[in-house]
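A.B. asks: Chains as they are written, first to last, in my numbering: chain E, 1 to 252; chain W, 253 to 504. Below is one structure. I have some questions about it.
Number of protein chains: 2
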Amino acid sequence: MTERSHFDPTASDPLDRGAGLTAWRQIADRIEADIAGGLFKPGEKLPGEMQFAQRFGVNRHTVRRALAALAARGLVRATQGGGTFVEAKPLPYAIGRKTRFSELMAKAGREARGELIRSTETIATAEIAEALGLKPDAAVLEMVTLNRADEVPISMAWTWLPLPRFSGIDATYRKTGSLTRAFARHEVSDYSRLSTRISARIATVEEAACLELSPGRVLLVIDSINVNQYGHRIQATRSFFSADRVDLVIEQ
Amino acid sequence: MTERSHFDPTASDPLDRGAGLTAWRQIADRIEADIAGGLFKPGEKLPGEMQFAQRFGVNRHTVRRALAALAARGLVRATQGGGTFVEAKPLPYAIGRKTRFSELMAKAGREARGELIRSTETIATAEIAEALGLKPDAAVLEMVTLNRADEVPISMAWTWLPLPRFSGIDATYRKTGSLTRAFARHEVSDYSRLSTRISARIATVEEAACLELSPGRVLLVIDSINVNQYGHRIQATRSFFSADRVDLVIEQ
DNA sequence: ACGGATTTGTTCGTATGTATA
DNA sequence: ATATACATACGAACAAATCCG
Chain E
1 MTERSHFDPT ASDPLDRGAG LTAWRQIADR IEADIAGGLF KPGEKLPGEM QFAQRFGVNR
61 HTVRRALAAL AARGLVRATQ GGGTFVEAKP LPYAIGRKTR FSELMAKAGR EARGELIRST
121 ETIATAEIAE ALGLKPDAAV LEMVTLNRAD EVPISMAWTW LPLPRFSGID ATYRKTGSLT
181 RAFARHEVSD YSRLSTRISA RIATVEEAAC LELSPGRVLL VIDSINVNQY GHRIQATRSF
241 FSADRVDLVI EQ
Chain W
253 MTERSHFDPT ASDPLDRGAG LTAWRQIADR IEADIAGGLF KPGEKLPGEM QFAQRFGVNR
313 HTVRRALAAL AARGLVRATQ GGGTFVEAKP LPYAIGRKTR FSELMAKAGR EARGELIRST
373 ETIATAEIAE ALGLKPDAAV LEMVTLNRAD EVPISMAWTW LPLPRFSGID ATYRKTGSLT
433 RAFARHEVSD YSRLSTRISA RIATVEEAAC LELSPGRVLL VIDSINVNQY GHRIQATRSF
493 FSADRVDLVI EQ
């Protein structure tokens, strides 16, 4: 264990040199253990690289290698000039028949806001048409949105809605910042999840930029189809969540 | 499009040199289009690197760069001495109250088999104890297993079971290759999912080796708690699926 | 609002051990 | 055995962003 008296972050804590493990790997493991053990708490600033270097008796580069490994796993996040911080625990995101982003965030004590990035009227692809139960080449409205909780980007979503049924809903969404409220103005009093499919992959540079992620991070991809109160398919969505910021909780 | 008569994989198919895109990027895009268009089917062996080089009029290294990009996205898989193969489409894996790995695979026309890699009697961590509703430091059996469908590794799982209730179930699992059958011999006639949590991250080298993945691929991580026919918690599990090989389908 | 101190990011160079061809 | 490549580790200096009095 890495027990130190009164938090001195520079107290000597030498590595096991000559063992099978490289120095940077041992350092990463020890810092991870300190985080897991609660010595460094989520949101907290870690000691500086020089302090770690002093503690473990290594060069600053070796500490940087270790911190880079932890950052690659989403455990910490470094900002130039600011410091290195322990990342917050992932937010539990419930996937149920009737989960609403805004309600979930409200329950977690966070403020939700949806931003319309782009909307275009287009022709449905074969996949989209099938998902919405439309004829091939039917007209659909494609909306790209970004959802934030307390200004932190949580998810990005591509949403397809049949036209002309939902013509103009993009303007309503832009005003209200919520799909639930936008639906309400288009005679959809209630809607629920018909199907859900989850996969995961590495974020592209564009996606990472949009979600304010460091490049190379993992995305959870959720494809879902929603139906209205009469069981008619009204919406197909593909959402992207940062796996570092969200855990999906299945309610069934 | 990349239309060629009668499959000649070396027929000249020059690139758009001098355009904004690099050569390897154009090659990657074309091979991807060929896969998407069905010219190269899942499981099929791609033409050799030299054949691609001849087709596009580039050096073999340029083709390798393109194939490496596709491999990094999980579209193809290169094996030394063997060739490069198109990866299979992800298998839909249903997450429901009572999903059984063996049944799912049988439904998909594949043969399932579970292999016990390691089992140890140990003390529950705080998390495991809470998940199983046990006192801290209670004794548990930890089993590490690998599930295959038609010999392809699909998932790896860490399973914790309370002791002494399930003492010896590891031996039964090793014999039967199925947790359902092993439970049956320990007076668990039925069990179902109490909670499910999904996250995703990059596979470690050990995990990648175990699942026969190329390093750096994405894992879906599923934490779940199972209860028996009386609602008692009998099992906590953390499963790892290759996101390239599996899509999770939520049944609710 | 300013400026210096702090902290991470980047790029040189050097040396060493290890695995590979 | 020799050569090559690669990862690891240390050192120094500077750039860039941030913090704080």
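Where is the CB? At the ideal position from N, CA and C, for every residue including glycine. None of these values were measured; they are calculated from a predicted model.
Tell me, to the nearest whole angstrom, how far the beta carbon of residue 141(E) is from that of residue 163(E); I am working on the premise that it is less than 8 Å.
C.D. replies: Contact flag correct, Cβ pair sits at about 5 Å.
A.B. asks: Say whether the stretch 169-178 of chain E touches the stretch 204-219 of chain E, bearing in mind that this needs 3 or more beta-carbon pairs closer than 8 Å, one atom from each stretch.
C.D. replies: Counting Cβ pairs under 8 Å, fewer than three are found: no touch.
A.B. asks: In chain order, what residues of the same chain lie with their CB nearer than 7 Å to the CB of residue 74(E), ignoring the 5 residues before and after it?
C.D. replies: Once the five neighbours on either side are set aside, the close Cβ partners of residue 74(E) are 87, 217 and 244.
A.B. asks: How about residue 30(E): is its C-beta nearer than 7 Å to some C-beta of chain W?
C.D. replies: With 7 Å as the cut-off, residue 30(E) does not count as an interface residue toward chain W.
A.B. asks: Considering Cα atoms alone, identify which of 16(E), 182(E) and 250(E) is closest to residue 115(E).
C.D. replies: Nearest C-alpha to residue 115(E): 182(E).
A.B. asks: Quick one: what's got a C-beta closer than 7 Å to residue 441(W)'s C-beta in the same chain, skipping five residues either side?
C.D. replies: Closer than 7 Å at the Cβ level, and outside the excluded window around residue 441(W), lie 481.
A.B. asks: For residue 253(W), I'd like the list of residues in its chain whose CB is within less than 6 Å of its CB, leaving aside the five on either flank, ordered along the chain.
C.D. replies: Here residue 253(W) scores only 44 on pLDDT, less than 50, and its place in the model should not be relied on; the value that follows carries that caveat. So the list is empty, once near-sequence residues are dropped.
A.B. asks: What are the boundary residues of the alpha helix (DSSP H) that includes residue 32(E)?
C.D. replies: Here the alpha helix (DSSP H) through residue 32(E) covers 23-36.
A.B. asks: Buried or exposed, going by whether 16 or more other CB atoms sit within 10 Å of the CB of residue 403(W)?
C.D. replies: With fewer than 16 Cβ atoms within 10 Å of its Cβ, residue 403(W) is classed as exposed.
A.B. asks: Three or more C-beta pairs closer than 8 Å, one from the stretch 483-490 of chain W and one from the stretch 405-414 of chain W: is that the case here?
C.D. replies: Yes, the stretch 483-490 of chain W touches the stretch 405-414 of chain W.
A.B. asks: If I'm right that residue 375(W) touches residue 389(W) with Cβ under 8 Å, what's the distance once you round it to whole angstroms?
C.D. replies: Confirmed, about 5 Å.
A.B. asks: Can you pull the chain W residues whose beta carbon is under 9 Å from the beta carbon of residue 116(E), in chain order?
C.D. replies: By Cβ distance, chain W contributes nothing, its closest Cβ being about 27 Å from residue 116(E), past 9 Å.
A.B. asks: Between residue 134(E) and chain W, is any beta-carbon pair separated by less than 7 Å?
C.D. replies: So no, residue 134(E) is outside the interface.
A.B. asks: Residue 152(E) touches chain W at which residues, Cβ-Cβ below 8 Å?
C.D. replies: Near residue 152(E) there are no residues of chain W at all, since even the closest Cβ is about 17 Å away, more than 8 Å.
A.B. asks: Within 10 angstroms of the Cβ of residue 344(W), are there 16 or more other Cβ atoms? Answer buried if so, exposed if not.
C.D. replies: With fewer than 16 other Cβ atoms within 10 Å, it is exposed.
A.B. asks: Curious, which full-length beta strand (DSSP E) runs of at least 3 residues does the stretch 101-162 of chain E contain?
C.D. replies: As far as the stretch 101-162 of chain E is concerned, its whole beta strand (DSSP E) runs of at least 3 residues are 112-123, 139-149 and 152-162.
A.B. asks: What's the call for residue 332(W), buried or exposed, on a 16-neighbour Cβ count within 10 Å?
C.D. replies: Exposed is the call here.
A.B. asks: Name, going along the chain, the residues of the stretch 326-347 of chain W whose beta-carbon falls closer than 9 Å to a beta-carbon of chain E.
C.D. replies: For the stretch 326-347 of chain W, which is checked against every Cβ of chain E, the residues closer than 9 Å are 326, 342, 344 and 347.
A.B. asks: Are residue 280(W) and residue 318(W) closer than 7 Å when you measure CB to CB?
C.D. replies: Yes.
A.B. asks: Within 7 Å of any Cβ in chain E, is that where the Cβ of residue 504(W) sits?
C.D. replies: Yes, its Cβ sits closer than 7 Å to a Cβ of chain E.
A.B. asks: Is it the case that the Cβ atoms of residue 476(W) and residue 448(W) are separated by a distance below 7 Å?
C.D. replies: Contact: yes.
A.B. asks: Going by C-alpha to C-alpha distance, which of 36(E), 125(E) and 40(E) sits closest to residue 84(E)?
C.D. replies: Among 36(E), 125(E) and 40(E), the Cα nearest to that of residue 84(E) belongs to 40(E).
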